[in-house]
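Here is the structure we will look at.
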Amino acid sequence: MLNADSCLMPMQIIPQKIKLAGENNTLTIQWSDGHLSAYRYQHLRDGCPCATCTDAGRPKPAAASPLKMYTRALRPARAELVGRYALQIYWNDGHSTGIYSFEYLRSLCPCAECAARQNVPAE
4 MLNADSCLMP MQIIPQKIKL AGENNTLTIQ WSDGHLSAYR YQHLRDGCPC ATCTDAGRPK
64 PAAASPLKMY TRALRPARAE LVGRYALQIY WNDGHSTGIY SFEYLRSLCP CAECAARQNV
124 PAE
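Each residue of the sequence shown is one higher than the one before, counting from 4 in our numbering.
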């Protein structure tokens with residue numbers, strides 16, 4: 004016999020507020036369960052889920068410029084919601100094919116609480 008509660012889908016945790024121009028080069032998300040995630044831009048760009056970036060044979064990133072003062076800082080140029088499930092980020096380096104599902108973004112949360120649950124060091 005099935006319990007009525009066992010048939011219910013778990014409540015989906017979704018962003019309530021997304022702040023693209025966060026402090027310290029971060030994108031911040033306030034989640035529907037009250038959790039706040041702050042992602043460094045480089046962390047998000049390095050974790051891009053697009054086919055090109057997740058391909059095992061992807062090209063290595065370009066070497067750092069010896070003239071650091073002329074290197075443009077990595078930032079999102081803009082971002083758009085994709086339906087009710089994801090965020091597409093358009094980076095100032097020209098890359099724009101990564102669609103970050105809310106579930107994926109939550110799994111990338113670098114806070115100490117989330118890192119402890121996933122047994123990874125916090126940022």
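In this text, a Cβ means the ideal position worked out from N, Cα and C, and glycines have one as well.
Find the nearest neighbour of residue i within the set the options, judged by alpha-carbon distance.
i	options	result
Ile32	Ala24, Arg43, Glu83, Pro18	Pro18
Ser35	Arg81, Thr29, Arg109	Arg109
Pro113	Ile102, Leu30, Leu90	Leu30
Asn2	Ile16, Gln15, Lys20, Arg48	The structure shown does not extend to residue 2, since the chain spans only 4 to 126, so no value can be given for it.
Cys53	Asn122, Ser104, Gln121	Ser104
Ala115	Ile16, Leu39, Lys20	Leu39
Ile21	Gln91, Gln121, Asn122	Gln91
Gln15	Thr57, Arg87, Ala24, Cys117	Arg87
Leu23	Asn122, Gln121, Gly97, Leu84	Leu84
Grouping DSSP H, G and I as helix and E and B as strand, with all else coil, what is residue i?
i	result
Ser110	helix
Gln33	strand
Arg75	coil
Ala24	coil
Gln19	strand
First and last residue of the beta strand (DSSP E) that includes residue i?
i	result
Ala89	89–94
Ser104	102–104
Output yes or no for whether 7 Å exceeds the beta carbon distance between residue i and residue j.
i	j	result
Arg78	Tyr42	no
Ala82	Ile102	no
Asn95	Ala80	yes
Gly37	Leu111	no
Tyr3	Ser99	The requested residue 3 does not occur in the structure, where the chain is confined to residues 4 to 126.
The alpha helix (DSSP H) with residue i in it runs from where to where?
i	result
Arg120	115–121
Asp49	44–49
Cys56	54–57
Would you list the one or two residues that DSSP bridges to residue i?
i	result
Ala82	Ile92
Ser40	Ile32
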